[in-house]
Amino acid sequence: MDSSLSNLTVDAQMAAKAASPDKTASHARTYSYPPRVWYFIAAFIALLSLYHFTSMFWSWMRSKNSTSSSSASRGRRSLRRIPVAVLNLIRNTIFRTTLSFGSSYKLNTTELLLSCAYIALLFTWAFVNTTNLEGVELSPQYYANRIGLIAATHKHSCFIQLNIFHRISARVLCVMLWIHGAGHVRSPCSATGRAGNLEDLQETWFRCGILAISSLTLLCILSLQPLRGRAYEAFLVAHFIFAVIFLGAGYYHAITTGTLGYYLWPSLLVWGFDRFLRLVRIFFVNGGALTLFNTKSSHSLRAKIEVISPEFLRVSLRRPDYFRWAPGQLAYLSIPSVSATPWQAHPFTIASIDGDIPRVIESESPSRDESFKESAQELVFLLRVHDGFTKRLLNAATSTNGANKTFGAYIDGPYCSPPSVRGFETVLSFCGTSCLFYTLPNVLKFLRGANMGTNLACRKVIFVWAVRYPEQIRAISDDLLQALDGISDSLIVEIRIHVTASVKDTESDIEKSQGSISTSDVKLLHAPGVQILSGRPDVAGLVKSEVAGASGSISVNVCGTAALRAASSTLDILGGGPSISLHVEAFGM
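This is the structure:
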């Protein structure tokens, strides 16, 4: 009996020694490979940063050089323009070509390639060199802990322009964690009497691991576009709850199974510090410091709600003293008396510009100048009414209790990094009904730059807005009239508003809204450079005509439906045509 026990002990020791080389190798690779993923991502971010700052410098140089040159004639056909033609061809392929996955998902070539490269990077370092000393490929001993550690070292921040990558990376993270868990599954062994993972179920760290993976899985399912779009506000609440459960359970699982907490807490610390700075900014921007010290300027923000139509709202409030923004940026708007919860905030693009538009020709009416200055102090949002917050805001604005249509509010922002449109000779902006808030500020910025003499490179601005009903024009009639009044002759401005409703619907709609047509609406119809047209705009035809007649570079900015996003496919660089830069702003992807 004793000899048999000693033999078993010797066999166990020999087995442990035999397993030792695999354990040493797998342990070393588990801790050395995740940093290499960081190096790849850091190098890619550095490369993008270099390209970004180089592009900014080139844009500044181009606008500077354009100020001293007059409008040239159309270039000649030349082989020296091949590099420019190749560059535009690459842009057309990787940025303007979109691929559809069902009816809910659309990715351009760049987003698709970056997503595939990111997935390939993670799984390559997770499964490379996973053959053990016995020749078994994809040994769980080598990849199970490694893939979990790689997943734990990635924090997927939700940046505005990278929102699609936030969801893709979260789903990749979910798959990696399931592989991490599957690599540790042990089946019951009848010979030794081991119960497999049933013994581990008694351990808290094991249960926390299951809880973390389950929470992330449910969150990924709820984030699918069909489900998220049906109940977005409910998704936000679920996102917060499941994310907290996932992070808490995952952190406990990591620190219990080993000293791996340092892979997780730095990202949580950065996130917490970011939230703290956000609260401080909200406090100061919304007059919290003024209220705290009881100064004369202390007063809360009041949001004025104007119902343009049952589908359109205009929200304006006094611009906070320390709030500055650029065209195309967004801010989080919160109206506690209307929101589902007092802390609920919704992102909306700011539809006004920072500051007023100076007049080239002095006004004969001092009262008009005062009204212009007052409007320049306003922060304006144009909202399309959907379910949820905007629907409650519409009901509150039209109710008897909300007759004054002003509500206490606070804002947080600005956020987003809109592209620069400096240095272009011609700027074309296309937008749908609910996407006006993105393109309008850029148009107002060019009008302001023309009057101030700060944007001499731009010679022509074309703004095309497709609306459903005529009364929706009221959303911008006052702003456009103020901007066009006394505009500089150095800038050609064409504003084309297309009413897309049928003639019968349009006539009946006009009859219903004749009593509510304001003086500004009538003046806008007779303003120079403004056209009110019927039917959908011919986006492709307009772009082609401008390309045929332009000599300098063209910037095309599109925000709207899929038809509007297909704004530019004309490439006539080799034949002397201008270089085209296209920016597409898509929401709800």
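Residue numbering for the sequence shown follows UniProt numbering, starting at 1 and increasing by one per position.
Don't be surprised by glycine CBs; every beta carbon is placed ideally from N, CA and C.
If you're wondering where the values come from, they're calculated on a predicted model, not measured in any experiment.
Beta-carbon proximity list for residue i, same chain, < 6 Å, skipping 5 on both sides
i, result
"Asn-294", "Residue confidence is low: Asn-294 scores 45 on pLDDT, short of 50, so the model does not pin down where it sits. Its coordinate-derived value is still stated next. Result list for Asn-294: empty, nothing under 6 Å."
"Phe-323", "Val-285"
"Thr-98", "Lys-106, Asn-108"
"Glu-306", "Arg-314"
"Asp-538", "none"
Range covered by the alpha helix (DSSP H) that runs through residue i
i, result
"Glu-546", "539 to 549"
"residue 626", "Given that the chain is displayed from residue 1 to residue 589, the structure contains no residue 626 and the question cannot be resolved."
"Tyr-118", "109 to 127"
"Phe-437", "436 to 452"
"Val-421", "No alpha helix (DSSP H) contains Val-421, which DSSP labels as neither H nor E."
"Arg-146", "140 to 152"
"Ser-477", "474 to 484"
"Thr-433", "No alpha helix (DSSP H) holds Thr-433; DSSP gives it neither H nor E."
"Leu-394", "389 to 398"
Alpha-carbon to alpha-carbon, residue j and residue i
i, j, result
"Val-584", "Gly-432", "12 Å"
"Phe-123", "Ile-150", "9 Å"
"Ser-477", "Pro-336", "30 Å"
"His-52", "Pro-419", "10 Å"
"Met-56", "Trp-325", "18 Å"
"Ile-497", "Val-464", "6 Å"
"Ile-350", "Ser-139", "54 Å"
"Pro-469", "Thr-390", "Correcting the residue identity first, residue 469 is Tyr in this sequence and not Pro. Those two C-alpha atoms are separated by around 19 Å."
"Lys-211", "Phe-246", "Note that residue 211 is Leu in the sequence shown here, rather than Lys. Taking the straight line from one Cα to the other gives about 7 Å."
"Leu-533", "Ile-473", "12 Å"
"Ser-581", "Arg-536", "23 Å"
"Ser-206", "Asp-200", "The question names Ser, but residue 206 in the sequence shown is Phe. Taking the straight line from one Cα to the other gives about 6 Å."
"His-154", "Arg-29", "18 Å"
"Asn-129", "Tyr-438", "49 Å"
"Gly-209", "Ala-238", "19 Å"
"Leu-383", "Ser-339", "15 Å"
"Leu-47", "Phe-40", "11 Å"
"residue 590", "Met-61", "The first residue shown for the chain is 1 and the last is 589, placing residue 590 beyond what the model contains."
"Ala-527", "Leu-484", "8 Å"
"Val-86", "Glu-546", "21 Å"
"Gln-482", "Tyr-332", "27 Å"
"Asp-387", "Ala-466", "23 Å"
"Asp-2", "His-253", "Note that Asp-2 scores 46 on pLDDT, short of 50, meaning its location in the model is unreliable; the coordinates nonetheless yield the value given after this. Their Cα atoms are separated by approximately 41 Å."
"Leu-219", "Val-172", "13 Å"
Residues bridged to residue i (per DSSP)
i, result
"Ser-555", "Val-427, Ser-581"
"Glu-134", "Beta-bridge pairing links Glu-134 to no other residue."
"His-498", "Ala-466, Leu-533"
"Asp-412", "Tyr-332"
"Arg-318", "Glu-378"
"Val-461", "Val-427, Val-493"
"Arg-278", "Its beta-bridge partners do not exist; DSSP assigns none."
"Lys-106", "Ser-100"
"Ile-350", "Phe-381"
Endpoints, beta strand (DSSP E) assigned at residue i
i, result
"Glu-306", "301 to 309"
"Pro-342", "Unbroken run through Pro-342: none, as it is neither H nor E."
"Ser-100", "98 to 101"
Three-way DSSP call (helix, strand, coil) for residue i in this model
i, result
"Asp-489", "coil"
"Ile-532", "strand"
"Ala-289", "In this prediction, Ala-289 has a pLDDT of 49, which is less than 50 and means its spatial position is unreliable; nothing more can be read from the coordinates."
"Trp-325", "coil"
"Phe-242", "helix"
"Leu-224", "coil"
"Ile-357", "coil"
"Phe-235", "helix"
"Leu-383", "strand"
"Leu-177", "helix"
"Leu-264", "coil"
"Phe-312", "strand"
Closer than 8 Å to chain B by CB, residue i
i, result
"Phe-424", "No chain B appears in this structure, which consists of one protein chain only."
Close beta carbons around residue i, own chain, < 7 Å, minus the five adjacent residues each side
i, result
"Trp-125", "Tyr-33, Arg-36, Val-37, Ile-150"
"Pro-21", "Leu-133"
Cβ-based neighbour list, residue i, same chain, cut-off 8 Å, excluding 5 preceding and 5 following
i, result
"Lys-296", "Residue placement at Lys-296 is poorly supported in this model, since its pLDDT is 43, which falls under 50; the coordinates still yield a value, given next. Closer than 8 Å at Cβ, skipping near neighbours: no residue."
"Val-10", "Per-residue confidence for Val-10 stands at a pLDDT of 39, beneath the threshold of 50, marking its modelled position as unreliable; no derived number is given."
"Arg-281", "Asp-412"
"Phe-276", "none"
Proximity test, residue i beta-carbon vs the ligand SAM heavy atom, cut-off 7 Å
i, result
"Ser-477", "Of ligands this structure carries none, so the ligand SAM is not represented either."
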